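Chains as they are written, first to last, in this note's numbering: chain A, 24 to 175; chain B, 36 to 144. Glycine included, each C-beta is placed from N, C-alpha and C at the ideal position. Bear in mind the structure is a predicted one, so any value in this text is a computation, not a measurement. Just below is one structure, and these are the notes that go with it.
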């Protein structure tokens with residue numbers, strides 16, 4: 024009795040593998056690359072970003088790529104002398120790497136934004152913060168997407 | 036996409052002088068990315084809210100530039116340090132040039 028069960032499992036495996044490779048052959052919409060994302064970042068901000076101070080909060084796995092809640096927090100006292108002046112969010116896995124850019128200032132009191140974004144595929148989402156002293160900080164987060172957004 | 040967008044703004048119910056409060060905003064909009072195809076296979080042209088701004092008693096305090104990677108019915112939340120009672124003026128700019136405005140009173144209690 025055990026033998027046929029094993030066989031059917033194997034068949035299932037083979038079928039699954041065939042289905043997967045067929046999926047891989049389907050034409051895909053042209054997506055931006057991590058290179059495109061870093062190029063855009065170079066255009067948006069001056070100077071080399073340093074790791075740290077920028078934290079991205081999101082679920083590790085987004086079931087629906089059409090609406091992925093994301094919070095970006097930047098460590099800053101947000102005073103007249105020392106504040107975040109801008110936050111840029113980019114993603115390499117979408118048709119266009121840009122997601123959102125915001126301008127902030129001491130009037131905000133806290134350098135944090137929340138929004139819902141679209142992700143076409145599992146990818147690293149990157150946030151960059153520009154400070155009033157001219158320094159630039161970068162943070163990122165891998166988000167796995169079960170069903171991609173952006174239509175298709 | 037209807038042109039009469041419904042903006043929604045939410046502030047904490049009780050605000051004290053000097054509080055740093057979260058301002059939550061949402062506006063109804065398809066945020067058509069320009070990458071989606073309709074039933075006949077033609078690309079649906081891009082039409083999104085590309086800019087959202089907020090002014091606090093006339094002073095700009097927040098500005099966001101949105102790309103098609105922002106989800107439909109764009110929800111955006113940010114923080115604001117409350118220094119006086121007054122008005123928050125919000126504006127959302129559509130790709131077609133339409134600007135939807137909303138006001139929210141802010142009352143220090």
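Unbroken alpha helix (DSSP H) run spanning residue i, endpoints
i	result
residue 57 of chain A	57-67
Coarse secondary structure for residue i, derived from DSSP in three states
i	result
residue 130 of chain A	helix
residue 63 of chain B	coil
residue 40 of chain B	coil
residue 124 of chain A	strand
residue 117 of chain A	coil
residue 57 of chain B	strand
residue 101 of chain A	coil
residue 156 of chain A	coil
residue 90 of chain B	strand
In DSSP terms, what residue i is bridged to
i	result
residue 146 of chain A	A:166
residue 79 of chain A	A:95
residue 50 of chain B	In the DSSP output, where bridge partners are listed per residue, residue 50 of chain B has none listed.
residue 129 of chain B	B:84
residue 121 of chain B	B:141
residue 72 of chain B	B:78
Where the beta strand (DSSP E) through residue i begins and ends
i	result
residue 110 of chain A	107-114
residue 138 of chain A	135-140
residue 79 of chain B	Here residue 79 of chain B belongs to no beta strand (DSSP E), and DSSP marks it neither H nor E.
residue 95 of chain B	94-101
residue 116 of chain B	110-116
residue 139 of chain B	134-141
residue 89 of chain A	First-last for residue 89 of chain A: undefined, no H or E at that position.
Check: residue i C-beta below 6 Å from any heavy atom of the ligand SAM
i	result
residue 160 of chain A	Of ligands this structure carries none, so the ligand SAM is not represented either.
Beta-carbon proximity check, residue i vs residue j, cutoff 7 Å
i	j	result
residue 92 of chain A	residue 151 of chain A	no
residue 125 of chain A	residue 99 of chain B	yes
residue 141 of chain A	residue 89 of chain A	yes
residue 83 of chain B	residue 103 of chain B	yes
residue 103 of chain A	residue 120 of chain A	no
residue 95 of chain A	residue 110 of chain A	yes
residue 89 of chain B	residue 61 of chain B	no
residue 131 of chain A	residue 101 of chain A	yes
residue 107 of chain A	residue 77 of chain A	no
residue 50 of chain B	residue 143 of chain B	yes
residue 113 of chain A	residue 64 of chain A	yes
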